[in-house]
Structures are given as C-alpha cells and as structure tokens.
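Note sheet for the following structure.
Protein chains: 2
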Amino acid sequence: MVGILRDYTPTSYPRGRKIMDLSPDWVVGFTDGEGRFFVGINPDPKTATGYQVLPEFTIVQHKRDIQVLYALKRFFRCGVVRPDNEGRYAYRVRNLKGLRQVCDFFLHHPLKTKKRIDFLRFHRVITMMERGDHLRLEGLFEIVQIAMKMNTQERPQLKQVALEISNRLRVG
Amino acid sequence: MVGILRDYTPTSYPRGRKIMDLSPDWVVGFTDGEGRFFVGINPDPKTATGYQVLPEFTIVQHKRDIQVLYALKRFFRCGVVRPDNEGRYAYRVRNLKGLRQVCDFFLHHPLKTKKRIDFLRFHRVITMMERGDHLRLEGLFEIVQIAMKMNTQERPQLKQVALEISNRLRVG
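Here the protein sequences line up with chains A and B, keeping their order.
Each number in the working numbering corresponds to the 1-based position in the first sequence with 14 added.
Each number in the working numbering corresponds to the 1-based position in the second sequence with 14 added.
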C-alpha cells in the first residue's frame, strides 16, 4: 500500500524538451485560462488631467507554480514576478514598452476565448497611450469608456470618473 | 466618442486559420489553467465493495465560451458539454475509454504546472480501473489513498471511506 506513486517524476516525460520551455500556443492557452488584461484609472493630482492610466497584463498562480511565472517572464522578455495575495504570486507587465511586446504577441497569436475581446480593447488603450492620448481630457475620457467595458466585474468607480471628466469636457 | 471599438472583429486576425482549431500546445496551456482531474468515490450498494469510483476530467467555462468547450470535445473526440452551475458550462469526460484518450494525450504533451502531479495520480487510477482493480477492496483502498492526495481542497469524507475500507480489510 505504500510507494504507490513511483515513476511519477517528470523524467518519465518525453526527453530532449525542457519542461519550462514555453511554446506560443501554450502561452495563448494558459492566458485564455489565467490571464487578465486590466486598465486601472487612478486619481493623480500631478497629471494635467488629474488621473493616471495604469494598464497591466497579469497572470496569478499559487506559489507552487512560481516557475511557470518566471518562464512567462523569460518568454515575453519583460515584466516582473512578485508576491500577490494569499500565498499567490503574480507575473505582471506594466510598462508601455513591455505591454507593446505582449500586445504584438497576442495580435499574432489570437486568444480563443472571449478574453480576446478584452485584449483588443486593451490593445486599443495601449495604442492610444503610445500616442499620448491619455494625457488629454478627450483621450482619457475615451480610455475610461473602454475600461468600463472590460473584464466581467462591475467598476462603479469608473462611472464616477467618466461623469466627472464628461462635466469638465462640457464646461471647457 | 462613439464607435471607438471598430475593427475589433476576429476577421482582423491572421487568415487561413480557423479560430476554433485547437493545437495540442494550446490545449495543454488551457488545461494547465482551467482543467480539473478528479476522482470521486461514492457509496453504491450495488457493487461488491460498496463503492463506485468515478474519475472525471472537466473544464468549466462561462456560457459565453461554450464554443471553446465544443472545440475541446472535437479535439479529444470524446466527452460531453453540459450546463454546470451559475450560468457556466462544463466539458466533461467520464467513461474509461475517453479518459484513456485524454490520459494518452497528456502523457505525450505534459502539463507545465503542478497540475501535472494530479494528472499523473489520475492516470494511475485510470490504469488501475482498466485492470478492474477498483472492483476489489485492496485496489479500491489504494485508489482512495491516491484520490485523497489529489486536488487542493480537503476531502474529509474520503478519510472516512479509507478508514471504513481499512477496517474491512483488517477483518477480512
């Protein structure tokens, strides 16, 4: 009754292939399952608009799978692996240059779930930010509208931001 | 400010490739994220041991991604797509022949997360069931031991089953 789990080591897998070599299709499938494209809008008195736009691509895993997160970091050649909540870790890309690389990858290797729609909205925001649109009130308003349509959870706070910017646009 | 999401249709993706043609690596990546290998042990007075062993491979998605579930069914050439809880749908394989196909696939295309360990335990159970080991008390006891080590959630009920079988083995 003991030792029933013999021969269960990764060495019993096909040789000549490192377990953490990620292929593009695997990355697409894993992102379809676990990836998150998110556009945060935070108040920031230091900016001309009064808001900071914070887009991020994130994959969160239990600590036991931290190696997969580091493999993703190697794959995309950008981003960081950091502790997240409750013994979980996150692979996260926040800077525009890295997010452009991530976007270019998913433009050429399309997601298969409806997360694809979120990604395309995300990509629209990244493209606008590359042009500096987020630094002007009109562009920021458009980005907030896009962000409100993304992800499944409601974000009532964004509605307030949109209303506030909309009022300023009307006055100005 | 309206119509900002133009050009967001899948037709803007690389041509000559159907969006729901799944590649082996995509299936591995998606399963690493969303797949579940589970061995249920249910009381069943009709069997010699008093228990039925119910292994299953499952992938659950929101209804909006039901197409992905049907694509998985086509990919594995087995299983069913059925409603699950809370507006979600499940792709599920329960019969031994189908589970053998699923196991053979993941033996040749290894998972990259620690779910791999669950899969290898699951495969051990499937192999035992193919030999009919689950129909005898000793084999059933071994399967319960394996099932207790699988998945992250505690299954206190299985401990009771193991204790009960262990007592019968000692008496018999």
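Note that CB positions come from ideal geometry on N, CA and C, so glycine has one too.
Check, Outcome
"Say whether the segment 85 to 93 of chain A touches the segment 49 to 61 of chain B, bearing in mind that this needs 3 or more beta-carbon pairs closer than 8 Å, one atom from each stretch.", "no"
"Figure out for me which residue from B:K126, B:E156 and B:D132 has the closest Cα to the Cα of G43 of chain B.", "B:K126"
"Helix, strand or coil for E152 of chain B per DSSP?", "helix"
"In angstroms with no decimal places, state the Cα-to-Cα distance between K163 of chain B and I157 of chain A.", "47 Å"
"Can the beta-carbon of Y105 of chain A be found closer than 7 Å to that of L83 of chain A?", "yes"
"I need the DSSP call for L121 of chain A, collapsed to helix, strand or coil.", "helix"
"With distance defined between alpha-carbon atoms, name the residue in B:K60, B:E70, B:R91 and B:F133 nearest to D46 of chain B.", "B:F133"
"Using the Cα positions of A176 of chain B and C117 of chain B, report the straight-line distance between them to the nearest angstrom.", "26 Å"
"Give me the subset of the segment 124 to 144 of chain B whose CB atoms are less than 8 Å from a CB atom of chain A, sorted by chain position.", "P124, K126, T127, K128, R130, I131, L134, R135 and R138"
"Any chance the segment 35 to 42 of chain B sits against the segment 143 to 151 of chain B, with 3 or more Cβ pairs inside 8 Å?", "no"
"So that I know if they touch, is there some Cβ in chain A lying closer than 7 Å to that of E168 of chain B?", "no"
"When Cβ atoms are compared, which residues of the segment 34 to 46 of chain A fall closer than 8 Å to chain B?", "M34, L36, S37, P38, D39, W40, V41, V42, G43, F44, T45 and D46"
"I want to see whether chain B comes within less than 7 Å of V74 of chain A, judged by CB atoms only; does it?", "no"
"State the Cα-Cα distance for the pair Q81 of chain A and V94 of chain A, rounded to the nearest angstrom.", "13 Å"
"In whole angstroms, give me the CA-to-CA distance for D58 of chain B and I160 of chain A.", "54 Å"
"Can you tell me the Cβ-Cβ gap for E70 of chain B and R130 of chain B, rounded? I've got them flagged as a contact below 8 Å.", "E70 of chain B to R130 of chain B, Cβ: 18 Å. No contact."
"Along the chain, where does the alpha helix (DSSP H) containing P59 of chain B start, and where does it finish?", "Per DSSP, P59 of chain B belongs to no alpha helix (DSSP H) and is neither H nor E."
"Would you kindly work out how many angstroms separate the C-alpha atoms of N56 of chain B and L68 of chain B, rounded to a whole number?", "8 Å"
"Could you give the DSSP three-state label for G186 of chain B: helix, strand or coil?", "coil"
"Excluding the 5 residues preceding and the 5 following R208 of chain B in the sequence, name in chain order all residues of the same chain whose CB lies nearer than 7 Å to its CB.", "Since the first residue of chain B shown is 15 and the last is 186, residue 208 of chain B is not available in this structure."
"Whole angstroms is fine: what's the gap from Q174 of chain B's alpha carbon to S180 of chain B's?", "10 Å"
"Please list the terminal residues of the continuous beta strand (DSSP E) segment that includes L36 of chain B.", "First-last for L36 of chain B: undefined, no H or E at that position."
"For D147 of chain B, decide whether its Cβ has a neighbour in chain A, counting only Cβ atoms nearer than 7 Å.", "no"
"Thinking C-beta only, is R102 of chain A closer than 7 Å to V74 of chain A?", "yes"
"Between which two residues does the beta strand (DSSP E) holding E100 of chain B run?", "No beta strand (DSSP E) contains E100 of chain B, which DSSP labels as neither H nor E."
"Once you ignore the five residues that flank I140 of chain A on each side, which residues in its own chain have a CB closer than 8 Å to its CB?", "P69, L110, L113, R114 and C117"
"If the cut is a Cβ gap below 7 Å, which residues of chain A does V82 of chain B touch?", "K126 and T127"
"Within the continuous beta strand (DSSP E) that includes Q66 of chain B, where are the two ends?", "Y65 to H76"
"Residues of chain B with CB under 7 Å from E48 of chain A, in chain order?", "G47"
"Which of the three DSSP states is assigned to G47 of chain A in this structure?", "helix"
"Just the Cα atoms here: how many angstroms apart are L183 of chain A and N99 of chain A?", "38 Å"
"Would you list the one or two residues that DSSP bridges to R106 of chain B?", "B:T72 and B:V94"
"Report the residue from A:K128, A:E178, A:L154 and A:M143 whose alpha carbon sits nearest the alpha carbon of M34 of chain B.", "A:K128"
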